[in-house]
Amino acid sequence: MTYNGYEIRAVPHQLADSGEWTGNIVILMHRSDKVTSRQFSTSNTLKTRQEAIKYCFAFGRQIIDGKSENCTVAGL
């Protein structure tokens, strides 16, 4: 998904012990001849892969908008 000039990639991960999913994302910034990226993860768990993907995109938008307390895209 592209959002405000960044690309957000959802990388959900299923937990072996519970079968639930966590939200992991990669945020990329494409510049003329260079791509930079930063990886983020959350400890939140979700019941399904679809819920985790949806959460990943919402989490990524929050980070890009500066609404996440501990995460920032500064330096990308």
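Per our numbering, the very first residue in the sequence shown carries number 1; after that it's consecutive. All C-beta atoms in this analysis are idealised placements derived from N, C-alpha and C, irrespective of residue type, glycine included. All values reported here derive from a predicted model rather than from experimental measurement.
Quiz prompt | For residue 39, the nearest candidate out of 60, 1, 65 and 55 (CA to CA) | solution = The residue with the shortest Cα to Cα distance from residue 39 is 60.
Practice problem: Starting from residue 2, follow its DSSP beta bridges and name the residues at the other end. | Solution: 7
Quiz item: Under a CB-based cut-off of 8 Å, is residue 35 close to chain D?
Solution: Looking at the structure shown, chain D is missing, and only one protein chain is on hand.
Quiz item: Where residue 9 and residue 42 are concerned, what is the direct C-alpha to C-alpha distance, given to the nearest angstrom?
Solution: 14 Å
Quiz item: What is the DSSP secondary structure of residue 54, counted as helix, strand or coil?
Solution: It is helical.
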